[in-house]
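Read the structure below first, then the notes.
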Ligand SMILES: *Cc1c(COP(=O)(O)O)cnc(C)c1O
């Protein structure tokens, strides 16, 4: 019974395939038309002030004014999680933003906000084979005045476009994505935690979706943004980390793309991170070169604060020489500390032998990592060539890491008004 049905359906399938082959030319032509229709299907039209622009600029960018929003039905809305059990990146908001790029259809299509959904991809999509993928990480914060703020998004947009260009993916006007993202936050605003320490993390992502196996530029791409509420940046107790610095591993090299947020930079770090955990260390301190330069800690930029041989205090961080991800937090810390005018700031190579030597002389004061996810993460110790270097970050009076973090938090949560934190709505 079963096998005969199978046979029967197989026969049908063959007949059908045969027919398809005969009309394949027409089929492919009508197919691309259909794609265009689906993409431009009006969802829930919202009218915005028209802007003056050239209708043919879709090769250069998509536009916020073309954004349409399709809201969830009330029964699709999900319960918000308890703030206490907000694990990073586990629970996502009700809506997402999507923008397709199809070179054959003129480039960028109209952005849409839709209920959160799975993505369907051709199995040959370039993202699945050659990791043609890049992402951003940014946050919005609910301030003490109840207003929602976004922190220096134009820097994320500049970096995202740099990543796109290095992957052969289409670039776009950062302002247009910021406006779309702000609208997405508005739609899901109840997901921005009502808490002075939590926030809503946003993950703008761009992937190459051409269903063709050539190692070539992707003719089609999908830009999407998903968001998830994330918990406290600071547990209240000692949150300092211990690092493993093993020169056997490298995450970036000259002429590579370590300075771009490409997915392909992160997959190969997982086994090294696992090794650090097995050795009882929380993060990897990434080294580079025969002189073991420190580059980054986990997925954070690194800072060293010490007293030099003349008794002058110095904050040092590796320079943006292609090995370092140009962090928004890094740049902000450098700018804030520059305004304090209390110590010298240096962007230069720092080697492990320098760290060891400053530690031995008792002049190493602090080390910390910096990134959007945990703002600033103080470093307690470094395992390096069978030695454990103790870093007295947590023993300082009024440490730099703590003051910088407090100032960033004050800006992000609206305790102080600052141009870096833009109010949404
Ligand atoms: C994202 C990231 C950072 C931090 O960048 P921010 O813009 O401050 O969040 C630092 N290093 C690496 C490797 C990163 O991926």
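Numbering (this note's numbering), first residue to last: 556 to 980. We treat Cβ as the ideally placed atom computed from N, Cα and C, and that holds for glycine.
Going by DSSP, which residues form a beta bridge with residue i?
{"i": "residue 912", "result": "For residue 912, which the question treats as bridged, DSSP gives no partner whatsoever."}
{"i": "residue 662", "result": "657"}
{"i": "residue 1001", "result": "Outside the displayed span of the chain (556 to 980) sits residue 1001, for which this structure offers no information."}
{"i": "residue 783", "result": "756"}
{"i": "residue 856", "result": "851, 925"}
{"i": "residue 696", "result": "704"}
{"i": "residue 651", "result": "669"}
{"i": "residue 775", "result": "657"}
{"i": "residue 761", "result": "689, 778"}
{"i": "residue 862", "result": "868"}
{"i": "residue 979", "result": "703"}
{"i": "residue 902", "result": "872"}
{"i": "residue 841", "result": "851"}
{"i": "residue 624", "result": "668"}
{"i": "residue 931", "result": "925"}
{"i": "residue 919", "result": "861"}
{"i": "residue 632", "result": "Per DSSP, none; premise fails for residue 632."}
{"i": "residue 832", "result": "DSSP, once it has assigned bridges, lists no residue as partnering residue 832."}
Cα-Cα, which of the options is closest to residue i?
{"i": "residue 935", "options": "858, 881, 959", "result": "858"}
{"i": "residue 805", "options": "773, 775, 849", "result": "849"}
{"i": "residue 758", "options": "765, 748, 715", "result": "715"}
{"i": "residue 1006", "options": "959, 829, 885, 863", "result": "The question about residue 1006 has no answer, for the chain in this structure spans 556 to 980."}
{"i": "residue 932", "options": "731, 670, 797", "result": "797"}
{"i": "residue 937", "options": "835, 799, 971", "result": "799"}
{"i": "residue 883", "options": "946, 814, 838", "result": "814"}
{"i": "residue 681", "options": "912, 713, 724", "result": "724"}
{"i": "residue 748", "options": "640, 816, 777", "result": "640"}
{"i": "residue 949", "options": "922, 930, 962", "result": "922"}
{"i": "residue 658", "options": "614, 647, 924, 626", "result": "614"}
{"i": "residue 719", "options": "728, 742, 689", "result": "689"}
{"i": "residue 954", "options": "942, 892, 980", "result": "892"}
{"i": "residue 754", "options": "782, 770, 736", "result": "782"}
{"i": "residue 721", "options": "651, 924, 818, 650", "result": "818"}
Tell me whether residue i is buried or exposed, calling it buried when 16 or more other Cβ atoms sit within 10 Å of its Cβ.
{"i": "residue 587", "result": "Because the pLDDT of residue 587 is 34, which lies under 50, any placement of that residue in the model is unreliable, and the number read from its coordinates should be weighed accordingly. Classification of residue 587: exposed, given that the 10 Å Cβ count is below 16."}
{"i": "residue 833", "result": "exposed"}
{"i": "residue 968", "result": "buried"}
{"i": "residue 709", "result": "exposed"}
{"i": "residue 577", "result": "For residue 577, the pLDDT reaches just 45, beneath the cut-off of 50, and the residue's location in the model is therefore unreliable, although a value from the coordinates is still provided. It counts as exposed."}
{"i": "residue 762", "result": "buried"}
{"i": "residue 916", "result": "exposed"}
{"i": "residue 751", "result": "exposed"}
{"i": "residue 841", "result": "buried"}
{"i": "residue 829", "result": "exposed"}
{"i": "residue 765", "result": "buried"}
{"i": "residue 846", "result": "exposed"}
{"i": "residue 963", "result": "buried"}
{"i": "residue 838", "result": "buried"}
{"i": "residue 816", "result": "buried"}
{"i": "residue 533", "result": "Since the first and last residues shown for the chain are 556 and 980, residue 533 lies out of range."}
Comparing the CB of residue i with every heavy atom of ligand 1, is any distance shorter than 6 angstroms?
{"i": "residue 856", "result": "yes"}
{"i": "residue 883", "result": "yes"}
{"i": "residue 805", "result": "no"}
{"i": "residue 798", "result": "no"}
{"i": "residue 927", "result": "yes"}
{"i": "residue 851", "result": "yes"}
{"i": "residue 880", "result": "yes"}
Under 8 angstroms by Cβ, that's how I've got residue i and residue j pegged, so tell me the actual separation to the nearest angstrom.
{"i": "residue 910", "j": "residue 879", "result": "Not a contact, Cβ separation roughly 17 angstroms."}
{"i": "residue 927", "j": "residue 693", "result": "6 angstroms"}
{"i": "residue 622", "j": "residue 738", "result": "6 angstroms"}
{"i": "residue 918", "j": "residue 862", "result": "4 angstroms"}
{"i": "residue 873", "j": "residue 904", "result": "6 angstroms"}
{"i": "residue 946", "j": "residue 901", "result": "Rounded, the Cβ-Cβ distance is 18 angstroms, inconsistent with contact."}
{"i": "residue 670", "j": "residue 735", "result": "Actually they are not in contact, since the Cβ atoms of residue 670 and residue 735 sit about 16 angstroms apart, beyond 8 angstroms."}
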